[in-house]
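Asker:
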Amino acid sequence: MITKLVRNARIYTPEGSSPSAGKDQGALRFLPRGAMVVRDGLIEAVGPEEEILSSLSGREFDEEIDCGGRCVIPGFVDPHTHMCFARRREEEFSLRLAGTPYLEILQKGGGILSSVRSVREATEDDLFENTLASALSALSLGTTTVEMKSGYGLDTETELRMLSVIRRVGRETPLDVVPTFMGAHAVPELYRGNGDGYVDLLVEEMLPAVEEQGIARFCDVFCEEGVFSAAQTERILAEASRRGLGLKVHADEVHDTGGAALAARMGAVSAEHLLAVSDEGIGALAKSGTTAILLPATAYSLRKPYARARAMIEHGVPVALATDCNPGSSFTESMPFVFGLAVMAMGLTVEEALTAATKNSACAVGMGAVCGTLEAGKQADFLLLDGETPAVLAYHAGVPAVEGVCKKGEQIR
């Protein structure tokens, strides 16, 4: 067994293994001079340094990490990404800047459908190398657990290949990777004008194959005008649930289609995007306890109004943050950037944003009992910041504030 002592740390962490909501979202434990004992990648004890050291009198450690009085927080959990793609879509960025709406780009065969073509043409090794590069970049920026969705295949063979690549990234990097099946990301060109026919394929062929493959932990659907209707979404999610997958919904991103209310009614773990969610949708999420995963970098990239984070928190909705890393509408793997946007553009307090980027995000991918907080029994996933408080992530704008990344007690950088 390898035992390490982490000391001289200003520790800020949420606590618990279920999502925090309302006033509790901003509740953190603060240890002005804290310490942790890490044994074989798990936190054995955490508390005031004086108490930890006195309880360990005479005990020897394999390694001691002196944090120099700097801030230590849990590793970021990014609960919504599309990192598995084959090529960038830089040209579409210019089109959007010129005023072309995203859904118009999609309807003309761009957007998601452009990524579908490139992923279908890529070899598995090429797809892996591209995904690996994004994953390692995210890790260097402080993400220690990440969700990755398929959804750039839109046929059975390619979707399964994407899930295999996502699993491989988890096996060949220190990251914990949570795979999500998202065959319902768009209606492929072969089924243009026949969305119900594609839903038949999803339900009758793709979901059974995903279940047999045994990689995906969740199923997500893009419930939006011109993509999948609420009725189609419900049919897909019902079959996914029957096959043992957790449920997620891309909900109310461009239009209020009732996606948030549907997610709440079906017991989805999360409703994601929510730029256009109604008051009724927010109320439904609060009642069900479904986590709202907000993606401020997407609003930034699309130059759209940000999601109403304050209203959600005030109504008791658990709020999480994610990058939405993808080659089109949000090409960033930086959770610190997302943290800064959440504080400066969406009105979250620093404390609420920290909970949203760690504990609530972990819960939104089924990892709340494993990571997202610095507590005994959880993985020793933590970050060392160039500052005394988590505020430095927003305060020192545009400059990397993460100085050290530890995953399961191992220093990655």
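Taking my numbering, the leading residue of the sequence shown gets 52, the next gets one more, and so forth.
From the three backbone atoms N, C-alpha and C, an ideal C-beta is built for every residue, glycine too.
A quick note: this is a predicted structure, and the numbers were derived from the prediction, not measured.
1) Identify, in the order they occur along the chain, each residue of the same chain with its Cβ nearer than 7 Å to the Cβ of L353, setting aside the five sequence neighbours on each side.
2) Skipping 5 residues on each side, what residues in its chain have a beta carbon closer than 8 Å to that of E49?
3) Do M386 and F136 come within 7 Å of each other at the CB atom, strictly closer than that value?
4) Suppose the cutoff is 6 Å on Cβ atoms and the five residues either side in sequence are ignored; what does the same chain contact list for G77 look like?
5) Assuming F279 and V261 form a contact by the criterion Cβ under 8 Å, report the distance between their Cβ atoms to the nearest whole angstrom.
6) Considering only C-alpha positions, which residue in the set G310, T424, F273 and V123 is nearest to R84?
7) Helix or strand or just coil, what does DSSP make of E143?
8) Look up S321 in the DSSP assignment and say whether it is helix, strand or coil.
9) Determine the closest residue to D176 out of A96, D271, R219 and T383, with distance taken between C-alpha atoms.
10) Considering only their Cβ atoms, is the gap separating A408 from F390 smaller than 7 Å?
11) Between which two residues does the alpha helix (DSSP H) harbouring I103 extend?
12) Let me check one thing: in DSSP terms, what residues is A448 bridge-paired to?
13) Near I116, which residues of its chain fall below 6 Å by C-beta distance, leaving aside the five closest residues on each side in sequence?
14) Helix, strand or coil for K74 per DSSP?
15) Relative to the C-alpha of N377, which residue among D113, F81, E141 and P125 is closest?
16) Can you give the beta carbon distance from A337 to H366, rounded, assuming they're within the 8 Å contact cut?
17) Candidates A86, G428, G449 and G455: which alpha carbon is nearest E95's?
18) Ordered along the chain, which non-local residues of its own chain (more than five positions away) have a Cβ less than 7 Å from that of A415?
19) Would you mind sorting E256 into buried or exposed? The rule is 16 or more other CB atoms within 10 Å of its CB.
20) Please report the distance separating the alpha-carbon of A149 from that of S166.
21) Under the DSSP definition of a beta bridge, which residues are partnered with F430?
22) At the level of alpha carbons, what is the spacing between E454 and D303?
23) For E323 and S185, which I take to be in contact (beta-carbon distance under 8 Å), what is that distance rounded to the nearest angstrom?
24) Quick one: give me the first and last residue of the alpha helix (DSSP H) that F179 is part of.
25) What first and last residue would you give for the beta strand (DSSP E) that runs through V216?
26) Just the C-alpha distance for L82 and R121, rounded to the nearest angstrom, thanks.
27) What does Y63 pair with, by DSSP beta-bridge criteria?
28) Determine whether the beta carbon atoms of A335 and A358 lie at a separation below 7 Å.
29) Between L296, D91 and Y63, which lies nearest to E263 when the distance is taken from Cα to Cα?
30) Could you compute how far the alpha carbon of F269 sits from the alpha carbon of D375?
31) Return the first residue and the last residue of the beta strand (DSSP E) that A13 is part of.
32) Quick one: is I62 buried, meaning 16 or more other Cβ sit within 10 Å of its Cβ, or exposed?
33) Who are V300's beta bridge partners in DSSP?
34) From L164, H306, F144 and S169, pick the residue whose C-alpha is nearest to that of R138; which is it?
35) What distance in whole Å lies between the Cβ atoms of A445 and M395, which are believed to be in contact at a cut-off of 8 Å?
36) CB-CB under 8 Å to K459, same chain, minus the five flanking residues each way: which ones, in chain order?
Answerer: Taking the geometry as given:
1) Closer than 7 Å at the Cβ level, and outside the excluded window around L353, lie R147, Y153 and S380.
2) Absent from the structure is residue 49, since the part of the chain shown begins at 52 and ends at 464.
3) no
4) T400, E402 and E403
5) No, F279 and V261 are not in contact; Cβ-Cβ is about 17 Å, not under 8 Å.
6) V123
7) Of the three classes helix, strand and coil, the one that applies to E143 here is helix, per DSSP.
8) S321 sits in a strand when the DSSP states are folded into three classes.
9) R219
10) yes
11) E100 to S106
12) The partner list for A448 (beta bridge, DSSP) is empty, contrary to what the question assumes.
13) V57
14) helix
15) E141
16) With 8 Å as the limit, A337 and H366 qualify as a contact, their Cβ atoms being about 5 Å apart.
17) E95 has its Cα closest to that of G428, out of A86, G428, G449 and G455.
18) P130, V320, S321, T342, I344 and A371
19) exposed
20) 21 Å
21) The amino acid occupying residue 430 in the given sequence is Gln; Phe does not appear at that position. Answer by DSSP bridge pairing, in chain order: L93.
22) 36 Å
23) Contact between E323 and S185 fails: their C-beta atoms lie close to 19 Å from each other, not under 8 Å.
24) E175 to S191
25) No beta strand (DSSP E) contains V216, which is instead part of the alpha helix (DSSP H) from T207 to E223.
26) 11 Å
27) F81
28) no
29) Cα-wise, what sits closest to E263 is L296.
30) 16 Å
31) The question about residue 13 has no answer, for the chain in this structure spans 52 to 464.
32) buried
33) The bridge partners DSSP lists for V300 are V272 and A322.
34) S169
35) 6 Å
36) G92, L93, P225, Q430, A431 and D432
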